[in-house]
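Student: Structure in structure tokens, see below.
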Amino acid sequence: MAGARARVVAGVVVSVAAHLGVRLPPLTLLSRWGSPAVVDVVESEAWPGLPGVVHQGLLDAAARRSGGVFYTPPALTRTVVAWALAGLAVDRPVVGDPAVGGGAFLLAAAEALVSPERSRTEVVAESLVGVDIDPVAVAVTEAVLALWCGGGAVPRLAVGDALALDEEEWPDQPDVVVGNPPFLSQLGRDTARGRGQAEALRRRFGPAGVGYVDTAALFLVLAAHLVRPGGAVALVLPESFLATRDARAARTAVLAEATLEALWFPAAGVFHPAAVRVCVPVLRRSGPRVGPLRLWRDVPPRLMGDSIVDADELAARSTWSHLLVAGTGVPDCELGGQGLLGEWCQVRADFRRQYYGVVPFLVDDPAGELGHDGRFAPLVTSGLIDPAVCHWGRRPTRHHRCAWLAPRVDLARLEAESDLGPWARDRLVPKVVVATQTRVVEAAVDVDGRWLPSTPLISVVAPPGRLWHAAAVLLSPPVTAWALRHWGGTSLAPGGLKLSAAQVRAIPTPRPGPDWDVAAMAVADATRATGDDERRLSLLVAARASTRAYGLDDPAVVSWWESRLPGRR
């Protein structure tokens, strides 16, 4: 608490001193107590915004997580506002923020709109509107903008949940909507919606409000509908908005109202300490359905290129992952072939019930004393899987917040004391296991069916004699490139893959032929290899053959894939 009070004192002292024209050394004053965001704001002399920074900094960690409250740095707010205001056919646009927080975006908009012909007081009184569910945040935003204009006016703000307000309850209809709405993942206990709120959002937003869609995506749907025709929307969203299944209806709803003009991927870590990667879509209400899309990366923004995008075609896509990986070097591999992996393999995923259910029956066997009679099955986790190899017993792992050297599941007790016996028997068959949160599709073959997969491993059971062919598909370089372009953006790691069972089923397979056969035999050789160098050489043989099997005899694809492989251990 003492640190929080110190931040308040520091913020007030610097703000008042700056208002009086007295310069203080902000780093000396704030580096002892303040966050990097506070120091950045003071160094850039955006002193009116300090009350907002201090307000958000005083929230404890739990409140920030549950409310999705994280300060937006000026480098982002100014860029987002500039893009949103560009190209408007309105002389004095109204700028709205549906979740004002500490007022960072409205302050950036005020700075952009002031001119020799327009005073600060006029800008605040006429052009700034906003909403926030937190009355303290609304009061802080009023104070920030009143301080900026010397007390001549306050913005038109309302206290309330923007997702629940009717349009007429807004202070004014905006020409531009900007902001950083709360990121509230529905898979987290602290941020999941209650049943009543979920039903209210379903009634208001229809299919876009159903399922596990992040609340931030609904703010974008709201903004695209709320903004005036010809106006622009630019919101900071979680990068996963572009790729998750549950956000698909929201992406479709947005494109029914607006067209995508630009997409920005700021550098990782910009929202310290929140471990989240973000994107900024810039949309035009009632814009042309076919037009240029500009892709930007990093801070300051670096243009990656332009492309022509058809809004109707984009709306029909299951994800926008191809935009996420554009300009990152991921090869554009269209997989010509015959059928899908799920048409001839059984692909199975496990869930929390299995993850927690095995915990009472785990034993550690670092000496290898329990594996002789098959009563104690090795529990294999994602962290133990690399391409064509399982490191069980050679690499420590974690399960249920505990470290294990060689975890096994007591199958006799599992059968006798739980209802997971049928599940275990179903998994203890020859199979390919697929790891998640990886830079390439990482798969290893359980030839004898001895491994019990730990959630979130995916099990792929192939017909007799086809196990190595299934593994060759999963370890093929074009498959990783194709998967990133279709489903990239949901992994916790930048540029990683987090595949579901349904997505693994949807992987196209090559046409039968000698190249696929060679790839399968090379994967078998890699699995039997006794060292990393030998295994890597066999994997590269399989990679080249499988790439040819897909009709893509391109060494660059294999080189790209090889550069992403896990390093030698």
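Position one of the sequence shown corresponds to residue 57 (this note's numbering), numbered consecutively onward.
We put the beta carbon where it would ideally sit given N, CA and C, even for glycine.
Please state whether DSSP places Ser296 in a helix, a strand or coil.
Tutor: Looking at Ser296 - three-state DSSP - the assignment turns out to be helix.
Student: Decide if the segment 385–396 is in contact with the segment 427–434; the criterion is three or more beta carbon pairs, one per stretch, under 8 Å apart.
Tutor: Output reads no: the segment 427–434 does not touch the segment 385–396.
Student: If we call anything under 9 Å between Cβ atoms a contact, is Ser547 one with Gln493?
Tutor: Closer than 9 Å, so yes.
Student: Thinking C-beta only, is Arg567 closer than 9 Å to Cys401?
Tutor: No.
Student: Which complete beta strand (DSSP E) runs does the segment 406–460 hold, if anything under 3 residues is left out?
Tutor: Fully enclosed beta strand (DSSP E) runs of 3 or longer: 418–420, 432–436, 453–455, 458–460.
Student: For the beta strand (DSSP E) that contains Phe321, what are its first and last residues?
Tutor: Segment 314–321, the beta strand (DSSP E) holding Phe321.
Student: Are Pro337 and Val355 touching if we call contact CB-CB under 9 Å?
Tutor: The answer is no: Cβ separation not under 9 Å.
Student: Using three-state DSSP, classify Pro611 as helix, strand or coil.
Tutor: In this structure, Pro611 counts as helix in the three-state DSSP scheme.
Student: Quick check on Pro564: does DSSP put it in helix, strand or coil?
Tutor: In the structure shown, Pro564 sits in a strand (DSSP, three-state: E or B).
Student: Considering only their Cβ atoms, is the gap separating Val185 from Arg176 smaller than 9 Å?
Tutor: For Arg176 and Val185, no; Cβs fall outside 9 Å.
Student: When the Cα atoms are used, what is the spatial distance from Val72 to Gly206?
Tutor: Interpretation of Val72 is limited by its pLDDT of 45, a score under 50 that renders its predicted location unreliable; the figure taken from the coordinates is listed afterwards. Cα to Cα, Val72 sits roughly 12 Å from Gly206.
Student: How far does the beta strand (DSSP E) with Asp571 in it reach, from first residue to last?
Tutor: Unbroken run through Asp571 is the alpha helix (DSSP H), 570–584; no beta strand (DSSP E).
Student: Just the Cα atoms here: how many angstroms apart are Ala199 and Ala279?
Tutor: Taking the straight line joining both Cα atoms gives about 25 Å.
Student: Contact defined as beta carbons within less than 8 Å: I believe Pro322 pairs with Leu203. What is the distance between those atoms, to the nearest angstrom?
Tutor: Pro322 to Leu203, Cβ: 27 Å. No contact.
Student: Taking the C-alpha atoms as reference points, what is the distance between Ser615 and Ala145?
Tutor: Each residue's alpha carbon lies about 48 Å from the other.
Student: Are Ser342 and Glu369 closer than 9 Å when you measure CB to CB?
Tutor: No, these two residues do not count as a Cβ contact at 9 Å.
Student: Using C-beta distances below 7 Å, list every residue in its chain close to Ala459, excluding the 5 sequence neighbours before and after it, in chain order.
Tutor: Around Ala459: Pro452.
Student: What is the DSSP secondary structure of Gln493, reduced to helix, strand or coil?
Tutor: Gln493 falls in the coil class under three-state DSSP.
Student: Kindly list the residues whose CB is nearer than 6 Å to the CB of Leu276, restricted to its own chain and excluding five residues on each side of it in sequence; keep chain order.
Tutor: Cβ within range, chain order: Leu291, Val310.
Student: Check this for me: beta carbons of Thr511 and Phe432, under 9 Å apart or not?
Tutor: Not a contact, by the Cβ cut-off of 9 Å.
Student: Quick one, which of Gly439, Ser556, Leu476 has its alpha-carbon nearest Ala500's?
Tutor: Considering only alpha carbons, the answer is Gly439.
Student: So does the segment 409–423 actually touch the segment 473–492, counting three or more Cβ pairs closer than 8 Å?
Tutor: Yes: at least three Cβ pairs fall under 8 Å.
Student: By how many angstroms is the C-alpha of Ala160 removed from the C-alpha of Arg88?
Tutor: Per-residue confidence for Arg88 stands at a pLDDT of 34, beneath the threshold of 50, marking its modelled position as unreliable; the derived number appears in the next sentence. Approximately 23 Å between the Cα atoms of the pair.
Student: I'd like the list of long-range same chain contacts for Trp617, defined as Cβ closer than 8 Å, with 5 residues on each side in sequence excluded.
Tutor: Same-chain partners within the cutoff: Val496, Pro533, Thr536, Ala537, Ala599.
Student: Could you tell me whether the Cβ atoms of Pro640 and Arg333 are closer together than 9 Å?
Tutor: Not covered by the structure: residue 640. The range shown for the chain is 57 to 625.
Student: Distance, Cα to Cα, Ser374 vs Asp190?
Tutor: Computed Cα separation, rounded: 35 Å.
Student: Label Ala119 either buried or exposed according to how many other C-beta atoms from any shown protein chain fall within 10 Å of its C-beta, with 16 as the threshold for buried.
Tutor: With a pLDDT of 49 at Ala119, under the threshold of 50, the predicted position of this residue should be treated as unreliable, though the coordinate-derived value follows. The residue in question, Ala119, is exposed, as its Cβ has fewer than 16 Cβ neighbours within 10 Å.
Student: Pairs of beta-carbons, one from the segment 133–140 and one from the segment 209–216, closer than 8 Å: are there three or more?
Tutor: Too few Cβ pairs lie closer than 8 Å, so no.
Student: Identify every residue that forms a DSSP beta bridge with Gly152.
Tutor: Gly152 is bridged to Val185, Val233.
Student: With a threshold of 8 Å (Cβ to nearest heavy atom), would Glu471 be considered close to the ligand FMN?
Tutor: In the structure on display, the ligand FMN does not appear, and there are no ligands present to speak of.
Student: When you compare only the Cα positions, how much space is there between Pro263 and Pro344?
Tutor: C-alpha separation (whole angstroms): 25 Å.
Student: On a Cα-Cα basis, can you pick out the residue from Gly607, His281, Ala539 that is closest to Glu223?
Tutor: Answer by Cα proximity: His281.
Student: Of the residues His378, Leu274, Ala444, Pro227, which one's Cα is nearest the Cα of Val579?
Tutor: The shortest C-alpha separation from Val579 is found at Ala444.
Student: Can you find the residues in the same chain that come closer than 8 Å, C-beta to C-beta, to Trp352, ignoring five residues on each side of it along the sequence?
Tutor: So the list reads Ala318, Leu319, Trp320, Phe321, Arg358, Leu359, Met360, once near-sequence residues are dropped.
Student: Apart from the five residues just before and just after Arg304, which ones in its own chain have a Cβ nearer than 8 Å to its Cβ?
Tutor: So the list reads Ser374, Thr375, once near-sequence residues are dropped.
Student: I believe Ala539 touches Val488 by the beta-carbon criterion, under 8 Å. Please report the beta-carbon distance rounded to the nearest angstrom.
Tutor: About 15 Å separates the two Cβ atoms, so there is no contact after all.
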